[in-house]
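See structure below.
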Amino acid sequence: MATRSFPVLDPIDTDVVVVGAGPVGLFQVFELGLQEVRAQVVDSLPNAGGQCVELYADKPIYDIPALPVATGRELAEKLLKQIEPFGAGFHLDQQVSAVARRDDGRFDVATSTGTRFIAKAVVVAGGVGSFQPRRLKVDGLDRFRGTQLFEHAATLHEHAGKRVVIVGGTAAAVAAAIAAGEEGAAAAGSVTLVHRRDDFDADEATRARLNALRSSGRVEFVAGLPEAAVEAGGKLAALTVLGSDGDSRDVPLDALFVLLGWSPKLGPIADWGLALERKQVVVNTASFETSTPGIFAVGDVNTYPGKQKLIVCGFHEATLAAFAIGPAAPVHDDEHQAAQAARRRAVMHWTVMH
Ligand code: FAD
2 MATRSFPVLD PIDTDVVVVG AGPVGLFQVF ELGLQEVRAQ VVDSLPNAGG QCVELYADKP
62 IYDIPALPVA TGRELAEKLL KQIEPFGAGF HLDQQVSAVA RRDDGRFDVA TSTGTRFIAK
122 AVVVAGGVGS FQPRRLKVDG LDRFRGTQLF EHAATLHEHA GKRVVIVGGT AAAVAAAIAA
182 GEEGAAAAGS VTLVHRRDDF DADEATRARL NALRSSGRVE FVAGLPEAAV EAGGKLAALT
242 VLGSDGDSRD VPLDALFVLL GWSPKLGPIA DWGLALERKQ VVVNTASFET STPGIFAVGD
302 VNTYPGKQKL IVCGFHEATL AAFAIGPAAP VHDDEHQAAQ AARRRAVMHW TVMH
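Each residue of the sequence shown is one higher than the one before, counting from 2 in my numbering.
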C-alpha cells in the first residue's frame, strides 16, 4: 500500500480545538466566539457540514428554530456564514489522531496529516465518527489512491477533458456523473458510470438529468461488478468489470472515482481515554465535559440520560460547553486586544444586519 509522508509543522497555539465540522461543531465555533474564545476546527472530510452534507445534502430539515425549511447543504452553508466573524481556522481532509495532556495542563492535538495544535480545551463534535469511504475491494488499486483513485468527488473538476470512470449507485456517484458529463469547463472527456444494476439513489429530477446524458452519449452506463485493475506503464489504465451478462470488459480510464458511500467509525476518539458507553462519550450535562477535565463532547458523539440525536439538542450542548469553557484569559497585548475589539464589532454589526 502507498504511504504518504507529511512535513512536521510548528504547532498552532489556540484556545480550543473543535474535532468535527458537522452542524454541531460549526455552531460550537459560534458559541465559543461569543465568549471570545478562539477555535480551530478539524474534520476528516474535505468539506464542512458532517452528516447534513455527506448523507442528506438535498433532504429538507424542518426542525431548526426560525428556519422553517432548509436542506442539509443549506443549513451547513448558513452555519458557515454565521461563524464567519470569528475567523476560526479550518483544517479539512485530516483526522484528529491524537489528543494528550501536556505538563502545563493544556493539550497537544495532532492530525493525520501532521497539523499540530496546543489548546487549552478540546471539544469533540465527532458525530457518529470519522466518515471513512467504503472501499472497492479490487487487488492492486490501493497504490493509486490520491493519484488516479479518489473516494470523494471534491477533485472531479481537476480531470476535465480526461477519461473518468465513476463506480457506485449513491447520490454522490450520480451527482459526479452528471457534473462530469454536462457541458462546461469541468466536463470530462468521457464518463463511464459503473454500478451493479441500473438503479440509483437519486430523486426523479436527478435521474432524468442522468438519463438525458446517457441518451446523448455523454455518460455511458456499465452494469456490473469491478473485478480487476489493469496497469500499463506504472499507471492505472483500466478497470475490468464483470458484466451482468457474465462477460468481462476493460473500461479504460485516467481517473477512477469510487463513490460507494461512507461508513462512520468512532476511530481514534475511542483511544483518548474518555469514558465511553456503547461507543458514545459519557458527559456531564451541566457542562458537557467528559471524564477528562478540559475535553468536552457535543452532538451525536455523546451520551447521557434522555439524549436525542438531533441538531437542536447538539446546539444546546455546544452552548453550555462554551459557557463552561468560558472567556479566554485576557492577554495584555495591544494587537490581540485590537483584534478582539474588531471581532466584537464585526459580530455586533453582523447581528444587526442579519
Ligand atoms: P456529524 O454531523 O456526524 O459531524 C461529525 C463530523 O466529525 C463529521 O464530519 C466527521 O467527519 C468528523 N469527525 C469525526 N471524528 C473525527 C476525527 N477524529 N477527526 C476529524 N474529524 C472527525 N437531525 C435533525 O435535527 N433534523 C433532521 O431533520 C435530521 N434528519 C436526518 C436525516 C438523516 C438521513 C440522518 C442520517 C440524520 C438526520 N438528522 C437530523 C441527525 C443529524 O444529522 C445529526 O444529529 C447531526 O448531524 C449531528 O451533528 P454533529 O455535528 O454532532 O455530527
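Where a beta carbon is used, it is the ideal one built from N, C-alpha and C, also for glycine.
Distances from the CB of Gln52 to the heavy atoms of the ligand FAD include at least one below 7 Å. For Ile119 against Asp104, the beta-carbon gap comes to about 12 Å, at or over 8 Å, which does not count as contact. Counting the other Cβ atoms within 10 Å of the Cβ of Ala271 gives fewer than 16, which makes it exposed.
Judged by their CB atoms, Arg197 and Leu226 are nearer to each other than the 8 Å cut-off. A Cβ-Cβ separation of about 7 Å places Ile13 in contact with Gly90 under the 8 Å criterion. The straight-line gap separating the alpha-carbon atoms of Asp199 and Ala172 is approximately 13 Å. With 16 or more other CB atoms across the displayed protein chains lying within 10 angstroms of its CB, Arg39 is buried.
Nearest Cα to Leu76 within the set His158, Gly128, Phe28, Gly235: Phe28. DSSP places Ile13 inside the beta strand (DSSP E), whose first and last residues are 13-20. Shown here for Lys310: same chain residues with a beta carbon closer than 7 Å to its own, the five before and five after excluded, namely Asp301 in chain order.
Sequence-distant partners of Trp273 (beyond 5 residues in either direction) whose C-beta falls short of 6 Å from its own C-beta, in its chain, are Val100. Phe87 is the residue among Arg135, Phe87, Ala298 whose C-alpha sits nearest the C-alpha of Phe31. For Pro294, the number of other beta carbons within 10 angstroms of its own is below 16, and it is reported as exposed. Relative to the ligand FAD, the nearest heavy atom lies less than 7 Å away from the CB of Gly315. Boundaries around Val195 are those of the beta strand (DSSP E), 191-196, since no alpha helix (DSSP H) includes it. When the Cα atoms are used, Pro134 and Ala67 turn out to be separated by approximately 34 Å. If you look at Thr320, you'll find it in the alpha helix (DSSP H) that goes 312-326. Relative to the ligand FAD, the beta carbon of Ala298 is positioned no closer than 7 Å to any heavy atom.
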